[in-house]
Amino acid sequence: MENLRNDIEKTAEILFIKYGIRSVSIDDICSKLHMSKKTFYTEYSQKQDLVSAVLRNINENNQKEDEKDLINSKYNMIDVIMRFKQPLQRERARRNEKFYRDLDKYYPEVHRKFLEERSYAFKLVLIEHLNKGIEEGLFRKDINLDLFPLFAQRWFLTPLDFGYDKKVKYIDSIIEIMMDGYMRMVCNKDGLEYYQKKYCSEK
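First residue of the sequence shown: 4, per the numbering used here; consecutive thereafter.
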């Protein structure tokens with residue numbers, strides 16, 4: 004049954020992101036999987052349960068990617084954070100405006116919970132990043148680890164929130180500016196020298 008749920012959730016995620024949540028029916032998902040609606044309803048009592056599961060998977064997959072970078076010994080924390088720019092841009096690019104507007108309009112509680120869980124997980128990752136960067140001698144030791152991650156949450160997540168608003172232009176440029184500003188705030192002298200030599204000279 005676990006494989007069945009995985010298949011349903013993966014298929015639903017692809018269709019939701021491509022067409023929006025409201026435009027994709029349970030019939031569409033069942034048809035794609037050559038499955039009866041009766042089988043579907045043995046796993047999910049309603050569409051909202053499936054939407055919640057899809058969003059939970061998105062958060063969990065993002066956390067797994069973060070953990071991979073943290074345990075990769077060939078990267079220091081400056082490299083890890085700069086690599087994070089690509090996932091930011093990829094997630095922004097794959098966002099479907101209709102998907103997030105449908106989520107906000109028709110499943111507001113599910114959306115609220117998704118954002119809360121995303122923010123909480125993001126805060127924990129940021130604290131890990133900062134602690135490791137300090138241990139490596141690349142980040143400032145005087146960073147307030149209680150307050151700064153709260154600020155950094157919005158610093159990084161704002162471009163993603165802009166991502167489904169077509170009125171906001173130059174999102175990739177905004178991400179570039181935010182990444183540069185963040186690095187200049189957290190790096191000590193040695194860290195800033197490494198960052199500028201490796202990443203700023205490329206521009």
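Glycine is no exception: its CB is placed at the ideal position from the N, C-alpha and C atoms.
Counting only residues of its own chain and dropping the five nearest sequence neighbours on each side, residue 101 has a CB closer than 6 Å to the CB of 23.
Annotation for residue 117: 58 place their beta carbon closer than 6 Å to its own, counting only its chain and skipping 5 residues before and after.
Using a 10 angstroms sphere on the CB of residue 52, the tally of other CB atoms stays under 16, which defines it as exposed. Residue 43 carries a helical assignment under DSSP once its states are collapsed to helix, strand and coil.
The closest CA to that of residue 157, considering only 82, 196, 178 and 145, is found on 178. In the displayed model, residue 87 falls within coil according to three-state DSSP, outside both helix and strand. The alpha-carbon of residue 12 is positioned some 29 Å away from that of residue 84.
Per the DSSP secondary-structure output, residue 142 pairs in a beta bridge with 190. Collapsing the DSSP output to three states places residue 136 in a helix. Excluding the 5 residues flanking it on each side, residue 47 has same chain C-beta neighbours closer than 7 Å at 53, in chain order. A direct Cα-Cα distance of roughly 34 Å separates residue 188 from residue 106.
In the DSSP assignment, residue 109 falls within the unbroken alpha helix (DSSP H) covering 100 to 109.
Rounded to the nearest whole angstrom, the CA to CA distance from residue 43 to residue 103 is 24 Å.
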